[in-house]
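Residue numbers (this note's numbering): 89 to 195.
Quick reminder that beta carbons are idealized off the backbone N, C-alpha and C, glycines included.
All remarks here apply to the structure that follows.
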Amino acid sequence: MRNVGLHVGGGPNDAQGKAPFLSAIEQRFPDLLSCYKLVNEPGSGGTFGLDLRIARAGGHPTVDKPRTVLGDERFHGCMVKAFESVEFPALKRDTVISYSVRFSVEQ
Numbered sequence: 089m090r091n092v093g094l095h096v097g098g099g100p101n102d103a104q105g106k107a108p109f110l111s112a113i114e115q116r117f118p119d120l121l122s123c124y125k126l127v128n129e130p131g132s133g134g135t136f137g138l139d140l141r142i143a144r145a146g147g148h149p150t151v152d153k154p155r156t157v158l159g160d161e162r163f164h165g166c167m168v169k170a171f172e173s174v175e176f177p178a179l180k181r182d183t184v185i186s187y188s189v190r191f192s193v194e195q
């Protein structure tokens, strides 16, 4: 599993601007990876993307527009729950980020 995309709405989209978001999400990688066992076809790869709405005060985001072809509602629900558990730092303003992660099985 690896990060394949992050866009910060209305903010800097350079490495420094993305760093706090990536750091917070990466702390939940074990939870996200555990959701992979719920995909319909074990060993299949693909991406999971979504939008996260983060309040200025930080904390847990609101998840919007999950998108993937992997898995069914159990996988989607597990991923949404894992993303909802991410703890973001306080920000300068309410922020929406679009994020995606790729699952792959390499031999």
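7 Å Cβ shell around T183 - same chain, five flanking residues per side excluded: In the sequence shown, the residue the question calls residue 183 occupies position 95. The answer, listed in chain order, is V96, G97, G99 and I142.
Range covered by the beta strand (DSSP E) that runs through G134: One-based indexing of the sequence shown puts residue 134 at position 46. Where G134 is concerned, the enclosing beta strand (DSSP E) stretches over G134 to I142.
Residues bridged to E91 (per DSSP): As a working note, residue 91 is residue 3 in the sequence shown. Residue 91 is actually Asn in this sequence, not Glu. DSSP, once it has assigned bridges, lists V189 as partnering N91.
Every unbroken alpha helix (DSSP H) within the segment 99-131, with a cutoff of 4 residues, ordered by chain: Listed in chain order, the alpha helix (DSSP H) runs fully inside the segment 99-131 are 103-114 and 117-123, counting runs of at least 4 residues.
N-terminal and C-terminal residue of the beta strand (DSSP E) that V151 is part of: Taking the sequence shown and counting its residues from 1, one reaches residue 151 at position 63. Segment T150 to T156, the beta strand (DSSP E) holding V151.
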